[in-house]
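What follows is a short report on a single structure.
Chains as they are written, first to last, in this note's numbering: chain A, 1 to 345; chain B, 346 to 988; chain C, 989 to 1186; chain D, 1187 to 1753.
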């Protein structure tokens, strides 16, 4: 099946120049720019489907077109012909029958194609797979990297790093409502349903950053619940992972020290955790290495000090309905806090 | 005047003017506001039904325009998430529960008796009651919306998001109660239609002579009866979870969130076909008329309709492929979802054959019907894609699906519906609609529609999820969204033109006469607009297109009472005359009962005790409704002796 | 079409009836309405050394908290009460006073005994200032607005709120009927703390 | 080793270092116990759970009481035993807020003219037995982080051994040895963290392989989790002079929700054997690796020499929360036998090779999922309430529970000074419908000799005497004497409140044998009464309320001493 799919791929491409072109132009979160085997299987299937369906569509329209073009015109006052006058209409019967048979065969072909793709998806080997438990919250992603040795596990949020060429098994769970994990470049969706555990196996072959976002309506900020998957060469990934396991170096810069103090003695410590400190609350993203992340608040903002300050001052202006309250800290305290968080490399 | 109708008039045994007047007086609804409120005549109710449904259609469309306005450009601050969630929930709920299904039933409430040669629908009072319930339910929802109690958990209201913990307040309760309203109304209408079609057909209208539209409505009615209880059950359980703390959907106490999805989609998917099948019915009524020939492959068409009706119950799970279900099951539902394309294909090919071998009359109704081939076929094909588990995993819950469902529902139901309105408007009002405006309406709608929804396919493939109130500028979705918004605006304009056309033609449209299009089915054999009793004399049917058929004896039924409401019931299969049946007269009680029931439903949003206390007025009203009147009884007894 | 208007009357009537409670109950107030406290407002007196978070830093170093600059406003807002319910779990109130409010480390909140008073102001003070016999002082750890949300929810635990405002059951194991299903407890007159009920 | 001639005193809560709670006095026996009469009573004036054992020495009775931990001394030499003096340590008020299961204390300890008590506020205080004046006080725990001390101190040689409590607040557990004379801290052994802090050195020789390795107290935890990992030592300590080892159990790991702390979570929910002088660990055995059900290892360790499979063995008999009676080798920590004494669903038995319990995945609580029929419930088959051993009958008299529970887990936030649980619980009676049992266990035959079902958990300690009478109290308030051999009820007396204290027996200055017990319901089980909890909420008191909803109908608060003697 996969082979026939690949042979058909170029056909599909020309069979739908407009569509394909329009779509290929957009890599960021596109279904048609696979970066791993799973997504590639889906892309193959898409090509086959697109080819067949375009064919059928065109055929039907042509038939209608011809019918309209060759059928004589009349007006309402003209007497309608009756069955007995029309006779048996063998031609029509033959063409209708053959059309029905043809479409049935095509459908069967598509069913087979679909089932084979399913099998292909299930075939991803799990040899030395990386295990990550992803927990969805309103409205952010929590990730725990598992390890046989407990002390080598670590938490992060909203940005996953994975090694290229190595299968990844995601254990998916939800803390509140139903969410759906979706990184189009790597695989299709999988729902995270409270009270249930599901798994998703994927793999990235090219290094790169792939965006995904929650795909099941989950409330006010369903819109702003993105996650980034950074696929890196294994060595680079291991370096990153080791850095994650370590706690962030404590900045000696006085501003940061003051910020740390403010973090520990105000609302922050009620929800967030920073390894190496007493802050171990689990209601918001883990901030141990927050300064390393590309975005704030699950893709709401690029991670810059200015944005961070805006965000802490009033998250509700940026992500209305999010569970983080506005802050009434004096501006200088706020700046210190931002300096501290900025120091968490 | 065209041949067919001449034939009928020439051959009819003209009932005396006296008889005609007597019949008119007997079947007319009483005058005045009170009479208006007690109306039971199926044409009066049907017209109100259609108007109300279109009212909700316009409202829902307006909400959609607001959404497109918000999405027209990235990071738009016009509408916040709270309102936006209410908007798309209201839009979906309105279109699915308050427009699409009811409008089809509305049209058939008006047309079916005319098409099968009967003087009324079965259970006319229940018919009125069903209408009032539907109206009050819709009003309740919109009053709630205006008061910021608009449901905001999506028209599918997935738990736990729609559950008590994550949807505080009464928003979702109003949604759930609206479902109760509309489903009650829908179920009653389904019963009415089934009985009407089975027992009230004109003599001689055997099963294989029933107009295809009526067949479609019959299949739909049966599907309604099997599918709707499922969602009523689900929504009642939801209300109980929220109001009295039951645990149907609470995994913590042995409930299950996925149970909701199964119950909902077991209704939700067939519902697509309640909307689509009547659309097919319209196609099969309009195409023959404008091809000047009977439909090609009548039997195949009927079988296809029935097959669709059965298969439609076998594919609800394809809405749930992303939940972790066993692979085997998924493959089965993939197959079922794809195979349902076959009956539709059969019908499409038969229509093409009909056009191919016919003589075409290009009027607005035909245009709308031809649009079906472009739009529905595309939607159907994307549907085939969605039916495939792996592919669905990528495009599920993206704008690809939004595009797909609008192609199917608008292409498969709304375009034919507009065609149907243009087609039967003269029958309802006695005047034709303006062809010029009609063409403007059509082309704007057609172009606007594709402009609005085709780009959504691409958006979906580019990874834009559904139900997002905004999107970042750097995602590359901006252009397509802008185009979509413009298209939506065009649709709005075309609908506006349609309304203008309807209103103006009602006063100044060209007079239609009984049969402006030379249609072949019975409704064209009576006056436009039809008299209160539909037919002065009940016709006897000899073919699938009686108006086109040459004259055959006997032509009419004699012996039905003229000064009391009496209808002829016939046998289910061969439509042999069966009995003469006295029919109920207009009364205010259906309205009162509907008001009481509304009180009960709305009350139970706030306290479970409403179910107990308001049940009393409901019971009272119902009792009054069914209280036998002596003179009616005497009259019918008298008739039994001497008709 | 006069008759058409005629049949809209029930709707208007319904609207009029629903309007008052509805608008308040359904408002989703995301943004904190409380202005940053002015130096003018009185500094908070903590009633206990016990504080959440990093206690070693000691009471002295805690940013000075201030008395509430706003009033209790959530008696009729279902959304705010549900937020309060969320925070009750998030900030571990549920561990000390039990998920259903029946009490554990801390006293029961669902009954008719209120050692430090049942009024919203009393409850706000208990949360912000803390209480000597073990209730930590959460001032500066919980924003003023969230504290008010908690106050509203705490009152719902003993059925003090309207039934259509109090939360329904949650999606977890349940200890007793949902807050919305509880009958109103009549708070007993404040008793002397006998050291048993704190 | 316990049955030597009795001095008639009761110097420490467990009576002796072997923790047998056996009095060799024989005046009161099966034949005459029926005439037991009330000798005198004393009201502490405090109305919280009275879990303490009165201490008797130098003709004086010392009563350690719950918060505010007042120490009363009664003069037994004078009629009616009037108050000699009382000492008020004035612990921190705020400490009450971080005491997980009522503000109890489990008794004082007497040694060489000094009485030692622990305060809820985390202090150990030495008081002059004669005058009641304070000799020294040592602040050991920080109550603002949730640290409290509820255990009864134990004096071994010249050291007072004290352990902290507060695993439910993410306190890091430790056991500390103080110099009896000065109160100076001699050593402190943590239950989690690097070997240096756990005092694990070259002489650490655990019996099972999984306990061998470097810094297991760190590597068997997610990063940093060991710092808030619980494993407190709030239970009982025993001492074997022959091997010169102390034995004590470590409490449950924190939080309750095991998904937040993958790994075995060393050295929690197990038993340590340590050298009393240096604190150095000799061996360790873990009852509940990665404990999921709050199965503390803190229950008493009764040191016995038993004839097992034909050989004389020096063993520890330990009825654990997880529902098994363990018989461990005192020298090596080997599991000699482990047999369930209540219905157990959480484990499928103990693996003889590794000593690990085989967990039953069906009842592993997972985030957002509810597991039912978790037996025994979190208080365990048996909680802190100590059993007694009679060398005459060779039976272990175990007061215990018969409870199961439903439980669910959620991700807990650690906010220091507030609870760190991540679990919700609903308890109910186990098979049979009775919630408590007083049973006699035969550690050699490995079965219950006899058992008395009780309506409520038997939350009081047990007392065995050479008169072959066994005493215990019920939460309704009945103080009962039963036949040590048959369990037949011989005598009972209804006290003013439920009994959760530890009965003792002593020879008064007048030469008569007395039996004393504190009455005053409370503790985790009794909190519904002592803390006026709302029993309509089945999750109150960490789910215990749901099993004790009817307790308020049977007893009220109390806090009185009852002393009985023959007429």
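Quick reminder that beta carbons are idealized off the backbone N, C-alpha and C, glycines included.
All figures in this text were calculated on a predicted structure; none of them were measured in a lab.
Nearest neighbour of residue 1454(D) by Cα position, chosen from 1466(D), 1441(D), 1472(D), turns out to be 1472(D). Taken through DSSP and simplified to helix, strand or coil, residue 598(B) comes out as helix. Close CB contacts of residue 1678(D) within its chain, under the 6 Å cut and outside five residues either way in sequence, are with 1664, 1666 (chain order). For residue 674(B), the uninterrupted alpha helix (DSSP H) segment begins and ends at 672–684.
In the DSSP assignment, residue 752(B) falls within the unbroken alpha helix (DSSP H) covering 744–754. With contacts defined as CB atoms closer than 7 Å, residue 1751(D) and residue 1698(D) qualify as a contacting pair. By DSSP's assignment, residue 1261(D) forms a beta bridge with 1246(D). Close partners of residue 73(A) in chain B (Cβ separation under 9 Å): 704, 705, 706, 707.
With respect to the 7 Å criterion, residue 863(B) and residue 76(A) are classified as neighbours on the basis of their beta carbons.
Rounded to the nearest whole angstrom, the C-alpha separation of residue 115(A) and residue 676(B) is 7 Å. In the structure shown, residue 1288(D) falls within a strand segment according to DSSP collapsed to helix, strand and coil. C-alpha of residue 567(B) to C-alpha of residue 719(B): approximately 29 Å in a straight line.
Comparing alpha carbon positions, the residue from 628(B), 840(B), 809(B), 940(B) closest to residue 475(B) is 940(B).
The beta-carbon separation of residue 1440(D) and residue 1416(D), rounded to 3 Å, stays under the 8 Å limit for a contact.
Residue contact check for residue 57(A) against chain B: a CB pair falls below 7 Å. Sequence-ordered contacts of the region 115–148 of chain A with chain B read 115, 117, 118, 121 [C-beta pairs closer than 7 Å]. Counting C-beta pairs with one atom in each stretch, the region 648–660 of chain B and the region 617–632 of chain B have three or more that are closer than 8 Å, which means they touch. For residue 826(B), no chain A residue has a C-beta closer than 7 Å to its own C-beta; the minimum C-beta separation is roughly 13 Å.
Judged by beta-carbon spacing, residue 199(A) lies within the 7 Å limit of residue 171(A), meaning their Cβ atoms are closer than that value. Bridge pairing for residue 218(A): absent [DSSP]. If you compare the alpha carbons of 1424(D), 1394(D), 1308(D) with that of residue 1489(D), the shortest gap goes to 1424(D). For residue 155(A), the CB contacts under 6 Å within the same chain, skipping 5 residues up- and downstream, are 144, 286 in chain order.
Judged by their CB atoms, residue 800(B) and residue 83(A) are not nearer to each other than the 7 Å cut-off. One alpha carbon belongs to residue 1249(D), the other to residue 505(B), and they sit about 54 Å apart. Closest by C-alpha distance to residue 716(B), out of 388(B), 688(B), 780(B), 794(B), is 794(B). Judged by DSSP in its simplified three-state form, residue 1103(C) adopts coil rather than helix or strand. Shown here for residue 1245(D): same chain residues with a beta carbon closer than 6 Å to its own, the five before and five after excluded, namely 1262, 1263, 1695 in chain order.
Beta-bridge annotation (DSSP): residue 1561(D) is not paired with any residue. For the 7 Å CB-CB criterion, residue 467(B) and residue 385(B) do not form a contact. Within the same chain, 1234, 1252, 1253, 1282, 1306 come within 7 Å of residue 1289(D) by CB-CB distance, once the 5 residues on both sides are set aside.
Rounded to the nearest whole angstrom, the C-alpha separation of residue 834(B) and residue 714(B) is 22 Å.
For residue 1449(D), a Cβ of chain A is located within less than 7 Å of the residue's own Cβ.
Listed in chain order, the alpha helix (DSSP H) runs fully inside the region 1515–1584 of chain D amount to none, counting runs of at least 4 residues. In the displayed model, residue 641(B) falls within coil according to three-state DSSP, outside both helix and strand.
Taken through DSSP and simplified to helix, strand or coil, residue 1383(D) comes out as helix. Under the Cβ criterion of 7 Å, residue 1463(D) is not counted among the residues facing chain C.
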